[in-house]
Amino acid sequence: MAYTRESIREAVERAGDEHWQALIAHHTDAYPASRPTPGDVCRSEAERLNTLGLGEAREFELIETRVERLGPEIALTHILLYRPLGIRLLAEPYRGYA
């Protein structure tokens, strides 16, 4: 099943409240400059992961998504479960939402 804005938001929330708050602060702290909203980031990230083929890859399950603020940017790091071996994989952090 392809990833959606909601599935990415749920993954961020599973990582803990501090990750969701970091996503919110990334948007609000830039005022009056315009940074993407948390919903925009989640939607774009879902599209990016689907383009990579992860949305349809049944052997992978998105466990959580961590958000780290890096100055004017954020880094999103996904933790995936590789079902055949039952191991957790840490994806390369993605920076692209400044």
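Counting in the numbering used here, the sequence shown runs from 8 upward without gaps. All C-beta atoms, glycine included, are put in the ideal place defined by N, C-alpha and C.
In the DSSP assignment, the residues bridged to residue 85 are 72. In the structure shown, residue 97 adopts extended strand secondary structure according to DSSP, grouped into three states. Segment contact: the region 27-42 against the region 76-95, three or more CB-CB distances shorter than 8 Å; contact assigned. In the three-state reduction of the DSSP assignment, residue 80 falls in the strand class, which pools E and B. Between residue 26 and residue 73, the C-beta spacing is below 9 Å. By the criterion of a C-beta distance shorter than 7 Å, residue 52 is surrounded in its chain by 15, 83, once the five residues flanking it on both sides are discounted. Partner residues in the beta bridge of residue 102, as assigned by DSSP, are 82.
The beta carbon of residue 10 sits closer than 6 Å to those of 53, 56, 57, 62, all from its chain and outside the five residues before and after it, given in chain order.
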